[in-house]
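Going line by line, the protein sequences match chains A and B. Letter 19 of the first sequence, counting from 1, is numbered 446 in our numbering, and no numbers are missing. Letter 78 of the second sequence, counting from 1, is numbered 872 in our numbering, and no numbers are missing. Where is the CB? At the ideal position from N, CA and C, for every residue including glycine. Just so you know, these numbers come straight off a predicted model, no measurement behind them. Below is one structure, written out as C-alpha cells; comments come after it.
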Amino acid sequence: GENVEQHPSTLSVQEGDSAVIKCTYSDSASNYFPWYKQELGKRPQLIIDIRSNVGEKKDQRIAVTLNKTAKHFSLHITETQPEDSAVYFCAASTGGGADGLTFGKGTHLIIQP
Amino acid sequence: DTAVSQTPKYLVTQMGNDKSIKCEQNLGHDTMYWYKQDSKKFLKIMFSYNNKELIINETVPNRFSPKSPDKAHLNLHINSLELGDSAVYFCASSQEGGSQEYFGPGTRLTVL
C-alpha cells in the first residue's frame with residue numbers, strides 16, 4: 428500500500444518568514460495530493476491540493492509543488508502569520524472508486540511573533 | 795449548514811462495551827470514510843465506502859464495522875471496546891475517491 432513520509436515533524440519560523448514542509452510517497456499510481464490544516468481540537472480542513480498532471484499550484488500565500496519522478500511534493504507558505512500556527516498534513520491517493528487518503532504524520536508549524 | 799456531522803462529540807465508555815458513532819453528510823457525495831486519529835495526531839484511514847465497494851484497511855480489527863443505511867450516512871460500530879481504541883474518530887466524505895474530502899467535527903472516544 429501507499430506510504431507517505433513527512434518532514435519536519437516540528438517547524439518554528441519567525442512571523443513574516445516562509446515555511447516549507449516536504450513529503451514523499453511510495454506508490455507511483457498516486458495522482459491526488461492534498462494538504463490539510465488542523466487547528467487544536469478542530470477537524471482537518473483542506474488548504475490546497477494538486478493533481479499529478481500539474482507541477483505547481485498557488486493560492487495567495489500558499490503554494491504546492493509536485494515532482495512525480497522523485498515522488499515528492501512540498502507545501503510553501505510565504506509571509507507567515509500567527510494564524511498559520513497549526514498542524515499540517517500531506518496526503519496521497521490513487522483516486523477513483525472508494526480510495527481514501529494516506530496521510531503523512533503531520534508537521535506542527537509554530538509562528539514566532 | 796453543517797456539511798458533515800457526527801454524533802456524539804464525546805463518548806466515554808467501559809472496556810468490553812459495544813458503541814456506535816453516527817455520521818451524516820448533506821453534500822450529496824457518493825463516497826464516505828472513517829479515519830482514526832491517535833494520541834500522536836496520526837490520521838489513519840479505517841474504511842472507505844461507496845455504493846459499489848467497501849475498502850477496509852487491513853490493520854483495522856474486525857471489532858470495527860461500518861454500516862450505511864443510505865448514501866448520506868455511514869455509521870461506525872465498535873464491539874468489545876479496548877483501551878487502545880481510545881482516539882478521535884473522524885468521518886469524511888467526497889464526491890469520489892481522489893477528490894477533496896470534507897471532514898466531520900470528530901468524536902473523541904475514551905475507553906476506561
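Below-8 Å beta-carbon distance, residue i vs any chain B residue
i        : result
A/THR521 : yes
A/PHE516 : yes
A/LYS532 : yes
A/ASP476 : yes
A/ASN458 : yes
8 Å Cβ cutoff, residue i in contact with chain A
i        : result
B/GLN819 : no
B/LYS835 : yes
B/GLU876 : no
B/TYR883 : no
B/ILE850 : no
B/THR807 : no
B/TYR804 : no
B/THR825 : yes
Separation of residue j from residue i, as counted between CA atoms
i        : j        : result
A/SER457 : A/ALA513 : 26 Å
B/TYR827 : A/ASP444 : 36 Å
A/GLN433 : B/LEU906 : 32 Å
B/GLY818 : B/HIS867 : A small correction: the amino acid at residue 818 of chain B is Glu; Gly does not occupy that position in the sequence shown. Distance between the alpha carbons of B/GLU818 and B/HIS867 is about 5 Å.
A/LYS495 : B/LEU805 : 42 Å
B/GLN889 : B/PRO863 : 18 Å
A/LYS532 : B/SER859 : 25 Å
A/ILE504 : A/SER455 : 26 Å
A/GLN472 : A/CYS517 : 11 Å
B/GLY810 : A/ILE475 : 41 Å
B/GLY822 : A/PRO540 : 42 Å
B/ASP824 : B/GLY891 : 9 Å
A/VAL491 : A/LEU528 : 17 Å
Residue i: contacting residues in chain A (beta-carbon distance under 9 Å)
i        : result
B/PRO899 : LYS469, ARG470
Chain-ordered chain B contacts of residue i [CB-CB under 7 Å]
i        : result
A/LEU473 : GLN894
Under 8 Å from the C-beta of residue i: neighbouring residues of chain B
i        : result
A/PRO461 : GLN894, GLU895
A/THR529 : ILE839
Integer-rounded CB distance, given that residue j should sit under 8 Å from residue i
i        : j        : result
A/GLU429 : A/TYR452 : 6 Å
B/ILE815 : B/THR901 : 5 Å
B/LYS813 : B/ILE850 : Contact flag wrong, Cβ pair sits at about 19 Å.
A/SER501 : A/VAL447 : 6 Å
B/VAL798 : B/TYR883 : So it is not a contact: roughly 13 Å between Cβ atoms.
Backbone secondary structure at residue i - three-state DSSP
i        : result
B/LEU877 : helix
A/GLU432 : strand
A/ASP486 : strand
A/PRO509 : helix
B/PRO863 : coil
A/VAL481 : coil
A/SER520 : strand
B/SER893 : coil
B/ASN845 : coil
B/VAL905 : strand
B/SER814 : strand
Under 7 Å from the C-beta of residue i: neighbouring residues of chain A
i        : result
B/SER842 : ALA525, ASP526, GLY527
Partners in chain A for residue i, counting only beta-carbon separations shorter than 8 Å
i        : result
B/GLY891 : SER520, THR521, GLY522, GLY523, GLY524, ALA525, ASP526, GLY527
Any C-beta of chain E under 8 Å from that of residue i
i        : result
B/TYR843 : Protein chains in the displayed structure are A and B, and chain E is not among them.
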